[in-house]
Amino acid sequence: MTEPLTAPVPTAATDLTLWRGAARVLLQNWRGDSTVPSPGLYPHQWSWDSAFIAIGLRHLSVRRAQRELETLTLAQWGDGRIPHIVFDPAVPLAAYFPSPDFWRSSRAGAALGAPRHIETSGIVQPPVHALATWLVHRFDPALSRRRGFLERLRPRLAAWHDYLTGQRDLGGGGLTAVVHPREAGMDNSPAWDGPLSRVEPVPAASYRRADLDHGASAERPTDLDYGRYVRLATDYRDAGYLDTAPLSFAVEDPCVNALLIASEHALADITAEPGGDRAPHERRAARLTDALVTRLWSPEEGMFLNRDLGPDRLVPARSAAGLVPLLVPGLPAHVADTLVRTAKGASFGLGTLPLVPSYDLRGPDFDPSRYWRGPAWFNINWLLERGLRLHGYTGEADGLRAPMLREAGASGFAEYVDPCTAEARGTRSFDWTAALGLDLLAAPSLPAPRGGGDPAPAATRPGARERTAV
Ligand code: 2M8
0 MTEPLTAPVP TAATDLTLWR GAARVLLQNW RGDSTVPSPG LYPHQWSWDS
50 AFIAIGLRHL SVRRAQRELE TLTLAQWGDG RIPHIVFDPA VPLAAYFPSP
100 DFWRSSRAGA ALGAPRHIET SGIVQPPVHA LATWLVHRFD PALSRRRGFL
150 ERLRPRLAAW HDYLTGQRDL GGGGLTAVVH PREAGMDNSP AWDGPLSRVE
200 PVPAASYRRA DLDHGASAER PTDLDYGRYV RLATDYRDAG YLDTAPLSFA
250 VEDPCVNALL IASEHALADI TAEPGGDRAP HERRAARLTD ALVTRLWSPE
300 EGMFLNRDLG PDRLVPARSA AGLVPLLVPG LPAHVADTLV RTAKGASFGL
350 GTLPLVPSYD LRGPDFDPSR YWRGPAWFNI NWLLERGLRL HGYTGEADGL
400 RAPMLREAGA SGFAEYVDPC TAEARGTRSF DWTAALGLDL LAAPSLPAPR
450 GGGDPAPAAT RPGARERTAV
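Counting in numbering that gives the first Met the number 0, the sequence shown runs from 0 upward without gaps.
Here you go:
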């Protein structure tokens, strides 16, 4: 495709280098209808990756950004779930595990309306999609209207949120729950160690890990954790992916729920755009926000924690997931202020370290290199940067944006980096690192957020960004 660039290319030399490098990654990983996170390690389409990718891709090609989200949501199941992987049939089965012949979605998920002609996984990932859809729409509303982008996406996103807030309210307290660590996106977080300890791993000899062909084993999950992931996915599949079957892992995660709330606000905007009623979505966002604070806020820790629904108690592990609710517009001001204090403290080093780590630096399980157990990720830092701006912490947001831009390029668009040294870890030319780098670079030239119709800002501090779903 040869669409013209849709945002001004920066002129400062360092910005230009970053822009070109990021654009190269986005172009190389594009597969015609969607993007792979990384051609070697992750050779299919991933759900929350695609949402972050679309947010960056809009700066290069709004059409491609729209296409990214359209392709993903075409694989939606009849029950509303958007699967965490949409498999490319052209990629050999051995290239990634668990592969389509493991998930068997078109057969095992048939009763739940899994697509008949597209193979997917059976689990989900964090709901960033409505947020991404709104951002992509806002970037070029005229093109979006011409292509009927929102009309296509709106019912899919509404069904997705109905699934998460309906079938997946497994704790009955008004939040959505994940049934597999991979559903939370932070697959290998120490926050899962407790809940996962009850899961019997499948024997290591019963499957072959493809990830170690591309990643260093010191940066990937252990075999024990992998065996437990496979057990959970096998049991879920064998129960026909039914959320009503007995589940040995069910957790309410603050990052997943915060993204659902931000996306519910975006869905209100998406619904109101052609004159629909935004109120039901705003009411749902408010209910979710209340439930988030009631069920997951820990005043003692000064952050949100996961709730393990097995014993029905908070998990004491301090993961960066517990800071992400800063993204929630209706967060009580004292909670937002405490979160920022925690982020700036010795555990997360905001303002002193290059980037915020994925796990408490002082936690006994902290590991600066193993994925999601300590390294810094660009998507989580991007979410925190937005949250800081939303609540009026402009200086802190600027202070995070600058190293993010620097390290995205310097690391070769690494999947993650050591939070203390910013040394590259994981795979390189990783798509969301490039996409979100591009987005941060372009941020000053973004159209102003819409004013009318948005609910009142939760942030009342002078200088707080005018609230919008973004
Ligand atoms: C990682 O997870 C996949 C499984 O979904 C894997 O390790 O094979 C996680 O970082 C996840 O959040 C991400 O979406 C995925 C693709 O980038 O990779």
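Note that beta-carbon positions come from the ideal geometry of N, C-alpha and C, so glycine has one too.
Note down the Cα distance separating residue i from residue j, rounded to an integer number of angstroms.
i, j, result
"residue 144", "residue 269", "12 angstroms"
"residue 235", "residue 183", "16 angstroms"
"residue 172", "residue 190", "20 angstroms"
"residue 204", "residue 23", "39 angstroms"
"residue 292", "residue 27", "42 angstroms"
"residue 85", "residue 192", "27 angstroms"
"residue 238", "residue 245", "9 angstroms"
"residue 62", "residue 51", "15 angstroms"
"residue 93", "residue 74", "22 angstroms"
"residue 43", "residue 30", "9 angstroms"
"residue 80", "residue 159", "5 angstroms"
"residue 387", "residue 127", "18 angstroms"
"residue 76", "residue 394", "43 angstroms"
"residue 250", "residue 310", "10 angstroms"
"residue 90", "residue 114", "19 angstroms"
"residue 210", "residue 221", "11 angstroms"
Beta-carbon within less than 6 angstroms of residue i's beta-carbon, same chain only, minus the 5 sequence neighbours each way: which residues are those?
i, result
"residue 21", "433, 436, 437"
"residue 341", "301, 302"
"residue 102", "120, 121"
"residue 426", "37, 40, 414"
"residue 55", "434, 435, 437, 438"
"residue 468", "Low per-residue confidence applies at residue 468: pLDDT is 31, beneath 50, and the placement is therefore not dependable, though the value from the model is reported in the following sentence. For residue 468, where only same-chain residues beyond five positions count, the Cβ hits under 6 angstroms are 133, 264, 265, 268."
"residue 87", "43"
"residue 98", "92"
Please look up how many angstroms separate the CB atoms of residue i and residue j, rounded, as I've assumed it's under 8 angstroms.
i, j, result
"residue 108", "residue 121", "6 angstroms"
"residue 216", "residue 129", "About 37 angstroms separates the two Cβ atoms, so there is no contact after all."
"residue 207", "residue 96", "6 angstroms"
"residue 200", "residue 307", "Not quite, the Cβ-Cβ distance comes to about 19 angstroms (not below 8 angstroms), so this is no contact."
"residue 149", "residue 281", "Residue 149 to residue 281, Cβ: 18 angstroms. No contact."
"residue 67", "residue 33", "5 angstroms"
Under 9 angstroms, do residue i and residue j count as touching if we go by C-beta distance?
i, j, result
"residue 418", "residue 348", "yes"
"residue 420", "residue 367", "yes"
"residue 382", "residue 290", "no"
"residue 82", "residue 259", "no"
"residue 224", "residue 305", "no"
"residue 380", "residue 399", "yes"
"residue 162", "residue 48", "no"
"residue 169", "residue 257", "no"
"residue 430", "residue 25", "yes"
"residue 46", "residue 135", "no"
"residue 385", "residue 396", "yes"
"residue 320", "residue 254", "yes"
"residue 324", "residue 314", "no"
"residue 370", "residue 100", "no"
Go through its chain and collect everything with a Cβ distance to residue i's Cβ below 7 angstroms, but skip five positions before and after it.
i, result
"residue 198", "227, 230, 231, 247, 248"
"residue 167", "175, 176, 242"
"residue 402", "353, 354"
"residue 373", "356, 357, 358, 365, 366, 367, 418"
"residue 405", "none"
"residue 411", "423, 427, 428"
"residue 153", "269, 270"
Against chain C, with Cβ distances strictly below 9 angstroms, would residue i count as a contact?
i, result
"residue 172", "Included in the structure is just one protein chain, with no chain C present."
Around the C-beta of residue i, are 16 or more other C-beta atoms found within 10 angstroms, so that it is buried, or is it exposed?
i, result
"residue 359", "buried"
"residue 312", "exposed"
"residue 458", "Confidence at residue 458 is low in this model, with a pLDDT of 29, below 50, so its placement is unreliable and no value can be given for it."
"residue 407", "buried"
"residue 274", "exposed"
"residue 155", "buried"
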